[in-house]
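Please read the structure below before turning to the comments.
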């Protein structure tokens with residue numbers, strides 16, 4: 009996926025503790041083919057992370073991010089059970 013053993017050692021990556029850009033590359037290698045592309049999307053604020061499972065809205069029955077959700081940065085770590093989301097513009101330049 010474009011990550012060397014040197015990167016793995018330098019970033020102290022394991023299967024239970026991985027940086028957000030590396031997680032993005034593993035989740036969607038077509039959209040994030042390189043570390044630089046994944047880092048760029050993190051810096052622009054397009055990535056959100058929810059610690060733990062998503063909440064279910066009682067009115068709609070849909071899963072949604074809760075207050076433990078935060079904007080992912082390049083330095084953030086992703087752990088088992090975290091939910092990674094992509095924040096996109098709906099219209100008019102405002103985020104949903």
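Residue numbers (this note's numbering): 9 to 104. Ideal Cβ placement from N, Cα and C applies to all residues, glycine included.
According to the DSSP assignment, residue 79 belongs to the beta strand (DSSP E) that extends over 77-79. Residue 42 carries a coil assignment under DSSP once its states are collapsed to helix, strand and coil.
With contacts defined by Cβ atoms closer than 7 Å, residue 32 and residue 46 form a contacting pair.
Leaving aside the five residues that flank residue 91 on each side, the residues in its chain whose CB is nearer than 6 Å to its CB run, in chain order, 58, 62. Under the 8 Å Cβ criterion, the segment 75-83 does not count as touching the segment 11-20, having fewer than three qualifying pairs.
Under a 10 Å Cβ-count criterion, residue 26 is classified as buried, with 16 or more other Cβ atoms of the shown protein chains found around its own Cβ.
In the displayed model, residue 30 falls within a helix according to three-state DSSP.
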